[in-house]
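S.K.: In numbering that gives the first Met the number 0, the protein residues as written are 0 to 482.
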Amino acid sequence: MKTPEEYRAALSKMKPNIVKDKVVRDPCKDKELDKGINVVAVSYEYAHDQKMKEFMTAKSPLTGKTIHRYNHIPRSKEDLEKRYEMINTLAQETFCAQRCVGSDALYALFMGTYLVDQDKVLNTNYHRHFLEYLKYVQENDIAPAGAITDAKGDRSVSPAEQPERDSYVHVVRKTDKGVYVSGVKSPITTGAYAEEICVLPGRQFAAHEKDFAIAFAIPADAEGITRFVLSPEIKALEGEFSACHGKKYLNKEAMIVFEDVFVPWGRVFLCGEYQYAGRYADFFATVHRFSYCACKPAVFNLLSGAAALISEYNGTEGKYLFSDSKGKLFDIMKNADMIQGMGQAAIKFAKETESGAVLPDPKYANLGKFISGEQFPKAISILQDMAGNLPVSLPHENLLKDKEYGPKVKKVFARKEGIPPEDHYRLNELIRTIAASDEGGLLQFGTRHGGGTIEVEKATIYTQNLKKLQECKKMAKRQAGIE
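1) Return the chain-ordered list of same chain residues with a C-beta closer than 6 Å to the C-beta of Lys246, the five sequence neighbours on each side being excluded.
2) Excluding the 5 residues flanking Tyr135 on each side, which residues of the same chain have their C-beta closer than 8 Å to its C-beta?
3) Does the beta-carbon of Gly190 have 16 or more other beta-carbons within 10 angstroms, so that it is buried, or is it exposed?
4) Per the DSSP calculation, Cys270 is bridged to which residue(s)?
5) Within 7 Å of any Cβ in chain B, is that where the Cβ of Ala8 sits?
6) Roughly how many whole angstroms lie between the Cα atoms of His128 and Arg266?
7) For Pro394, tell me which candidate among Ser371, Gly367, Asn427, Glu373 has the shortest Cα-Cα distance.
8) Counting beta carbon pairs with one atom in the region 59-72 and one in the region 26-40, are three or more of them shorter than 8 Å?
9) Starting from Thr462, trace the alpha helix (DSSP H) both ways and give me its first and last residue.
10) Does Asp20 come out as helix, strand or coil in the three-state DSSP assignment?
11) Are the beta-carbon atoms of Leu32 and Tyr192 separated by less than 7 Å?
12) With DSSP as the reference, label Tyr106 as helix, strand or coil.
13) Give the straight-line distance between the Cα atoms of Ser241 and Asp103, rounded to the nearest whole angstrom.
14) Report the residue from Val180, Lys333, Pro231, Phe215 whose alpha carbon sits nearest the alpha carbon of Phe257.
15) If we count the other Cβ atoms within 10 Å of its Cβ and call it buried at 16 or more, is Gly372 buried or exposed?
16) Give the single residue among Glu5, Lys58, Gly367, Ile430 whose Cα lies nearest to the Cα of Ser290.
17) If you reduce the DSSP assignment to three classes, tell me which class Asp118 lands in.
18) In the DSSP assignment, find the alpha helix (DSSP H) that holds Tyr327 and state where it starts and stops.
19) Given this structure, state the Cα-to-Cα distance separating Arg164 from Thr148, to the nearest angstrom.
20) Specify whether the region 412-425 and the region 439-452 touch according to this definition: at least 3 beta carbon pairs, one from each stretch, less than 8 Å apart.
21) Taking its Cβ as the centre, do 16 or more other Cβ atoms sit within 10 Å of Thr523, making it buried, or is it exposed?
22) So which of Leu429, Lys1, Asp78, His244 has the shortest CA-CA distance to Asp48?
23) Pull up the distance between the alpha-carbon of Lys50 and that of Val357, whole angstroms please.
24) Can you give me the C-alpha to C-alpha distance between Ile224 and Ser166, rounded to a whole angstrom?
25) What residue from Asp20, Glu5, Arg74, Phe375 has the CA that sits closest to Ser42's CA?
26) Among the residues of its own chain, which have a CB less than 6 Å from the CB of Ala386, if the five just before and after it don't count?
27) To which residues of the same chain is Lys81 closer than 6 Å at the C-beta, ignoring the five residues directly before and after it?
28) Once the 5 residues before and after Gln496 are set aside, which same chain residues still bring their CB inside 6 Å of it?
29) May I have the straight-line CA-CA distance separating Asn365 from Gly177, to the nearest angstrom?
30) Going along the chain, which residues of its own chain have a beta-carbon closer than 8 Å to the beta-carbon of Arg24, five neighbours each way excluded?
31) Are Cys294 and Ala90 closer than 7 Å when you measure CB to CB?
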């Protein structure tokens with residue numbers, strides 16, 4: 000398995016096709032991209048930690064070797080439990096583990112390719128091709144990016160009717176050796192610091208849209224690919240008192256533009272079988288929302304810790320005027336437990352698919368993601384309320400050490416006795432980063448839209464409950480005495 004250093008070396012050797020305001024020759028030497036690389040590097044680091052190897056690694060059924068669990072397809076509920084622990088542990092350190100998207104793409108492709116191959120009318124052989132690719136990923140310990148979301152263009156018209164055809168990735172032409180594809184996927188997590196890109200359809204398509212029903216894997220520096228770094232305003236933080244997320248870690252998304260990119264048939268996992276595009280998307284949505292059930296409890300726990308500490312530091316614990324800080328803290332804390340409960344329910348009711356992979360229960364995976372997306376903005380608002388105005392009203396940190404100005408500036412931190420001004424500053428800077436910075440804004444948008452919108456999750460939960468709803472109506476009739 001790779002070390003963090005080997006992961007970085009692999010990125011540095013790639014052909015430059017990453018663009019910020021100009022071409023980035025080496026992502027590891029770019030201040031902002033390096034912070035995103037740090038996030039993925041943690042997953043490599045933890046896989047070599049003896050205390051974590053039990054849930055960070057697995058034995059590959061394909062090679063018999065020990066591999067990174069991110070590249071292992073869960074085949075049992077125990078596998079799901081360990082996957083959950085891995086993601087939750089990483090999120091406690093990095094806020095967002097980032098590597099989940101590419102891993103979930105592999106997971107979905109395993110199930111999707113097997114499913115389409117069972118259709119004897121189509122006579123496809125995608126699953127064998129995918130297993131060869133998965134073996135390659137496992138043996139080289141690659142952390143691919145998962146590219147699912149298309150640019151989409153005008154939402155009021157179908158993919159085939161778009162004024163800009165590249166709004167969706169599509170097949171341009173086919174040859175005996177492979178296919179040529181064009182289009183835009185955006186925003187893509189780890190897209191600027193991945194060795195490989197796994198492309199999946201993000202929706203169902205109609206028969207006349209079969210050119211959009213395409214899934215494949217490609218080296219991220221292949222000819223015809225340009226990767227644009229998004230959110231240039233999100234900068235690395237460099238202050239002594241800066242929070243870990245921002246100073247050491249960042250989430251840098253990418254827009255990936257495919258222009259007549261050649262993909263050999265051995266790396267094509269769906270091509271024109273429009274009937275199954277939606278199933279690929281559904282498989283990904285379910286496993287990725289399960290990942291949210293593992294990740295977001297750690298995030299809400301961080302918010303809870305920050306809220307509890309700021310209340311303690313400010314002397315507002317318990318009831319203060321018309322404010323009940325314990326009640327507010329409960330409103331943040333409950334979310335971690337509810338989302339974790341949905342994740343555990345998704346494992347308990349998981350079912351084995353025909354492919355041999357185990358699929359988390361879609362209803363509970365979607366419920367966990369729904370709670371996260373709905374409650375995160377509310378939790379941020381509560382944290383802002385409990386923190387007051389200081390997180391966005393901090394003086395320059397260098398002044399704390401200044402002989403002339405330091406004593407004057409520290410007066411604003413004279414709150415709970417015994418708490419050093421520097422600790423006050425660090426905590427308020429953490430809250431500012433989470434709740435009032437460019438990076439914090441990205442995290443809030445990501446929690447809302449990443450993995451699908453709340454409306455999509457509600458529709459999925461409702462659909463999953465339709466059969467149950469009929470039983471509920473029968474029970475109501477029975478209790479009411481209706482024949």
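Cβ coordinates follow ideal geometry from the N, Cα and C atoms, glycine included.
M.R.: So, from the data block:
1) Non-local C-beta neighbours of Lys246 in its own chain, meaning closer than 6 Å and more than five positions away in sequence, comprise Leu236, ordered along the chain.
2) The residues are Ile141.
3) If you draw a 10 Å sphere on the C-beta of Gly190, you find 16 or more other C-beta atoms in it, and that means buried.
4) Beta bridge pairing from DSSP links Cys270 with Ile213.
5) The structure shown contains no chain B; it is built from a single protein chain.
6) Note on geometry: alpha-carbon atoms of His128 and Arg266 lie some 7 Å from one another.
7) In terms of CA proximity to Pro394, Asn427 leads the group Ser371, Gly367, Asn427, Glu373.
8) Too few Cβ pairs lie closer than 8 Å, so no.
9) Start and end: 453-463.
10) In the structure shown, Asp20 adopts coil according to DSSP, grouped into three states.
11) Contact: yes.
12) Tyr106 carries a helical assignment under DSSP once its states are collapsed to helix, strand and coil.
13) Computed Cα separation, rounded: 32 Å.
14) Phe257 has its Cα closest to that of Val180, out of Val180, Lys333, Pro231, Phe215.
15) The residue is buried, with at least 16 neighbouring Cβ atoms inside 10 Å.
16) Here the closest residue by C-alpha is Gly367.
17) Correct three-state label for Asp118: coil.
18) For the sequence presented, residue 327 should be read as Lys rather than Tyr. That run of the alpha helix (DSSP H) goes 324-347.
19) For Arg164 and Thr148, the distance between alpha carbons rounds to 15 Å.
20) Output reads no: the region 439-452 does not touch the region 412-425.
21) Given that the chain is displayed from residue 0 to residue 482, the structure contains no residue 523 and the question cannot be resolved.
22) If we check each option's Cα against that of Asp48, Lys1 comes out closest.
23) Looking at the two C-alpha atoms, the distance is approximately 26 Å.
24) If I take the Cα positions, the gap works out to 15 Å.
25) Residue Glu5 is the option with its Cα nearest to Ser42.
26) Taking Ala386 as the centre and dropping the five residues before and after it, the same chain places the C-beta of Ile309, Ile430 closer than 6 Å to its C-beta, in chain order.
27) Non-local beta-carbon contacts of Lys81 in its own chain, meaning distances under 6 Å to residues more than five positions away in sequence, involve Phe54 in chain order.
28) Residue 496 falls outside the range modelled here, since the chain spans only 0 to 482, and no answer is possible.
29) One C-alpha to the other measures close to 36 Å.
30) Once the five neighbours on either side are set aside, the close Cβ partners of Arg24 are Pro15.
31) Here Cys294 is near Ala90, since their CB atoms are less than 7 Å apart.
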